[in-house]
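**Q**
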Amino acid sequence: MKRWWVEIVLSAIVLIGASVQIFVLNSDSSKFSSTSSSVSTVLSEIRTLFCFDPAVPALESSTVAMGCPEGTQSLGADPVPSHPEEAATLDSILAIRFAAAKAIANSEGISLQLTSGLRSKTVQARLFADEVKKLGSEQEAIKWVLPPDISHHPQGTAIDVNYNFDRPSTKWLEINGYKFGLCRAYANEWWHFEALTSPGKKCPPMKINASVDVAQYESSTP
Ligand SMILES: [Zn+2]
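Residue numbers are given in this note's numbering: position 185 of the sequence shown equals residue 185, and the series is strictly consecutive.
Right, dumping it as structure tokens:
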């Protein structure tokens, strides 16, 4: 009985593979350099893309190939990665994702306020020094506040929501954030969110605290 199922599943996989190949071969051949890159291009283009319609407010689904309809804003199809550079503004995709979440939460009677987003490295250095003084050591401080070269706030890829007030409303974002590609990053910080997933996809597991980022930074820096 089991073998039948295996054969049916394998046949389905072969048929899908053949369909993709036929589709690729029928496409403009100059556009595709090889079958394998064409398949990944096709798969990438048919990925779901969520678009925020502020007039409703609601999310609409489209595909990467079709893009977002006029009057709506793309939430982007990928996670927003951290990077070492100091940013001049909050990452635009992160900003749109939070605006969408805030508007839809508001329509459900939930208030989400951005208490801190982009911070300069100068401000982050001061916050880190204050935390070291308060907790007595760098080892304790990095669990809560990261040094300016490691924190994602100066990179414009992190936001603090309802910091130090209204934790119950922020729980809404923790539960629903993945729909917008927003995830709570740390188990000890209920207010800190980043664009860690594709909208609609599950969030990665939370890190125990921010000191994990220091370990990652040190292992990736020569
Ligand atoms: Zn934060």
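For each residue, glycine too, the CB sits at the ideal point set by N, CA and C.
Could you tell me the boundaries of the beta strand (DSSP E) in which Ser116 lies?
**A** Residue 116 sits at position 116 when you count from the first residue of the sequence shown. Per DSSP, Ser116 belongs to the beta strand (DSSP E) from Leu114 to Ser116.
**Q** CA-CA distance, Cys183 and Ala99?
**A** The residue you call residue 183 lines up with position 183 of the sequence shown. The residue you call residue 99 lines up with position 99 of the sequence shown. Rounded to whole angstroms, Cys183 to Ala99 spans 14 Å at the Cα level.
**Q** Taking 7 Å as the limit between beta carbons, can you name the residues of its chain near Ala210, skipping five residues before and five after?
**A** In the sequence shown, counting from the first residue as 1, residue 210 sits at position 210. For Ala210, where only same-chain residues beyond five positions count, the Cβ hits under 7 Å are Ile142, Lys143, Trp144, Leu146 and Tyr186.
**Q** Is Trp144 helix, strand or coil when you go by DSSP?
**A** Residue numbering aside, residue 144 sits at position 144 when the sequence shown is read from its first letter. Residue state, collapsed to three classes: coil.
**Q** Does the Cβ-Cβ distance between Leu49 and Ser40 come in under 8 Å?
**A** Taking the first residue of the sequence shown as position 1, residue 49 is located at position 49. Taking the first residue of the sequence shown as position 1, residue 40 is located at position 40. The answer is no: Cβ separation not under 8 Å.
**Q** Out of Glu45, Trp191 and Ala215, state which residue places its alpha-carbon closest to the alpha-carbon of Leu173.
**A** Numbered from 1 along the sequence shown, position 173 holds the residue referred to as residue 173. Per the Cα distances, Trp191.
**Q** At a cut of 8 Å, does the region 95-110 reach the region 42-57 through at least three beta carbon pairs?
**A** Touching, per the Cβ criterion.
**Q** How about Lys179 and Pro199: are their beta carbons less than 8 Å apart?
**A** Counted from its first residue, the sequence shown places residue 179 at position 179. Counted from its first residue, the sequence shown places residue 199 at position 199. A contact, by the Cβ cut-off of 8 Å.
**Q** In whole angstroms, give me the CA-to-CA distance for Glu45 and Gly136.
**A** The residue labelled residue 45 in the question sits at position 45 within the sequence shown. The residue labelled residue 136 in the question sits at position 136 within the sequence shown. For Glu45 and Gly136, the distance between alpha carbons rounds to 51 Å.
**Q** Is the beta carbon of Phe193 sitting closer than 8 Å to the one on Gly177?
**A** For the purposes of this step, residue 193 is taken as residue 193 along the sequence shown, with counting starting at 1. For the purposes of this step, residue 177 is taken as residue 177 along the sequence shown, with counting starting at 1. Yes, Cβ-Cβ distance for Phe193 and Gly177 is below 8 Å.
**Q** How big is the Cα-Cα spacing for Ala58 and Ile104?
**A** Against the sequence shown, residue 58 aligns to sequence position 58. Against the sequence shown, residue 104 aligns to sequence position 104. Answer to the nearest angstrom: the Cα atoms are 6 Å apart.
**Q** Would you say the beta carbon of Ala158 comes nearer than 7 Å to a heavy atom of ligand 1?
**A** Translated into the one-based positions of the sequence shown, residue 158 becomes position 158. True, at least one ligand heavy atom lies under 7 Å from that Cβ.
**Q** Considering only the beta carbon of each residue, do Val224 and Thr157 sit closer than 8 Å?
**A** In the structure as shown, the chain begins at 1 and stops at 222. Residue 224 is therefore absent and cannot be evaluated.
**Q** Taking 6 Å as the limit between beta carbons, can you name the residues of its chain near Glu86, skipping five residues before and five after?
**A** By one-based count along the sequence shown, residue 86 stands at place 86. Hits under 6 Å: Lys121 and Pro154.
**Q** Starting from Ala101, follow its DSSP beta bridges and name the residues at the other end.
**A** Against the sequence shown, residue 101 aligns to sequence position 101. The partner list for Ala101 (beta bridge, DSSP) is empty, contrary to what the question assumes.
**Q** Suppose you measure from the CA of Arg126 to the CA of Val64; what does that come to, to the nearest Å?
**A** Here residue 126 refers to the residue found at position 126 when the sequence shown is read from its first residue. Here residue 64 refers to the residue found at position 64 when the sequence shown is read from its first residue. Approximately 41 Å between the Cα atoms of the pair.
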